[in-house]
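Worksheet: the structure to be examined is printed underneath.
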Amino acid sequence: MLDMVQNANVIDQGAFFACKVTEVEHFTDDLFRFRTARPASLRFRPGEFVMIGLQEERKPVLRAYSVASPSWDEELEFYSIKVKGGALTSRLRHIQPGDRVLVGRKPTGTLVTDALKPGKRLYMLSTGTGAAPFASLIREPDTYERFEEVVFTHTCRTAPELAYSQGLVQALGEDPLVGELAASRLVYFDSVTRQQGSRTGRITHLIETGALFDHIDRPALNPETDRAMICGSMAMLNELKTMLKARGFEEGSNAKPGDFVVEKAFAGDGI
Ligand code: FAD
Ligand code: A2P
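Residues are numbered in this note's numbering as their position in the sequence shown, beginning at 1, plus a constant of 8.
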């Protein structure tokens, strides 16, 4: 009996589920994604985050992670940084299929379409691992039911760091559920800041100068038609918040939907 329970893909441990890792893909020395079995009872709204972690000898080490998979996926996907000396990721970076990752029972967060007023065009602005919640949202049919157009931007220091978002968008074309919708409604824009690429520059700068809108051939940001979700470092969130407010956008929350919502891609960068 014990063997049967131990072999189950998901073990209910009370506060957490211990979920078997099914797939791991490394993109760079600092970035990887992995998939796990999904607890049948775990429900989340696309864009939410959940506590995940690894069991240590004395107690689990847990951190917040955006769920990167869509709500209809039978597995869970996460997109992760590898922090040198990081309490969680110095171990998490070595996980293999068959290992177990702890997943919390209570997904939560503000990067959800429920926290936005209806609009025509949804901007999803991300830097670094801030692309993770949007990996879920761009694969969700409901996103395209609510918005006529979805503009997903991802900015990183160098081109290899864009591999996850680029791969997702490319694969979306073949997706039986959202492939057709995404083909006509999803606009993907990537840029790099520390090397020359076809598109270079911080997203803040590209919005301020209008270069983003020239590239994607859309009008400048307008609170009448546009909504925004932002995920990145505190500095990036703060700058974009200021820029959106200056353009007449109001911040929303689960309790009071607005024109834009923000979520930290990570805590503790000292700002
Ligand atoms: P920590 O001790 O947690 O972090 C050490 C330092 O590393 C931090 O002070 C910071 O400077 C830096 N750092 C941590 N995380 C990142 C990051 N993601 N990008 C760049 N620098 C970072 N991380 C993910 O990789 N994927 C996610 O989907 C994700 N979602 C999050 C959602 C929320 C709401 C929050 C608050 C954080 C999220 N994080 C995510 C960060 C995550 O919780 C951990 O900080 C990260 O896994 C590193 O854990 P650690 O214990 O190894 O290092
Ligand atoms: P830059 O290379 O100019 O710092 P990081 O890896 O440090 O989290 O950064 C991820 C991406 O976010 C990088 O391209 C970085 O640009 C960009 N970035 C950092 N700070 C800001 C900010 N305040 N506003 C917009 N983009 C930012």
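From the three backbone atoms N, C-alpha and C, an ideal C-beta is built for every residue, glycine too.
Within this structure, are the beta carbons of residue i and residue j separated by less than 9 Å?
i            : j                : result
leucine 229  : isoleucine 215   : yes
threonine 85 : valine 75        : First, the residue type needs correcting, since residue 85 is glutamate and not threonine in the sequence shown. Cβ atoms of glutamate 85 and valine 75: closer than 9 Å.
proline 115  : phenylalanine 52 : yes
proline 47   : serine 79        : no
leucine 130  : arginine 235     : yes
glutamate 88 : leucine 39       : Before going on, a small fix: residue 88 reads as serine here, not glutamate. Yes.
valine 269   : alanine 123      : yes
glycine 136  : glycine 240      : yes
Buried or exposed for residue i, please, with buried defined as at least 16 other CB atoms from any protein chain shown within 10 angstroms of its CB.
i             : result
aspartate 267 : buried
glutamate 271 : buried
histidine 162 : buried
methionine 12 : The predicted position of methionine 12 is uncertain, since its pLDDT is 48 and thus under 50; a value taken from the coordinates is nonetheless stated next. Methionine 12 is exposed by the Cβ-count criterion.
arginine 202  : exposed
alanine 140   : buried
threonine 233 : exposed
alanine 275   : exposed
arginine 66   : exposed
alanine 273   : buried
May I ask which residues mark the beginning and end of the alpha helix (DSSP H) holding residue i?
i              : result
alanine 171    : 171–180
isoleucine 215 : 211–217
arginine 129   : Where arginine 129 is concerned, there is no enclosing alpha helix (DSSP H), although the beta strand (DSSP E) it sits in stretches over 129–135.
serine 192     : 187–193
isoleucine 153 : Per the sequence presented here, residue 153 reads as glutamate, with isoleucine not at that position. Segment 149–154, the alpha helix (DSSP H) holding glutamate 153.
alanine 140    : 140–145
Compare the Cα-Cα distances from residue i to each of the options and report the closest residue.
i             : options                        : result
alanine 16    : Ala191, Gly22, Phe24, Lys28    : Lys28
leucine 189   : Tyr152, Pro168, Ile224         : Tyr152
glycine 7     : Gly256, Asp222, Thr30          : The displayed coordinates of the chain run from 9 to 279. Any statement about residue 7 would go beyond what the structure contains.
glycine 175   : Ala143, Ala191, Val159, Phe155 : Ala143
aspartate 198 : Ala243, Met132, Glu157         : Met132
The beta strand (DSSP E) with residue i in it runs from where to where?
i                : result
alanine 243      : Alanine 243 -> not in any beta strand (DSSP E); alpha helix (DSSP H) instead, spanning 242–254.
threonine 161    : 157–164
phenylalanine 25 : 24–34
leucine 100      : Note, leucine 100: premise wrong, no beta strand (DSSP E); alpha helix (DSSP H) at 97–100.
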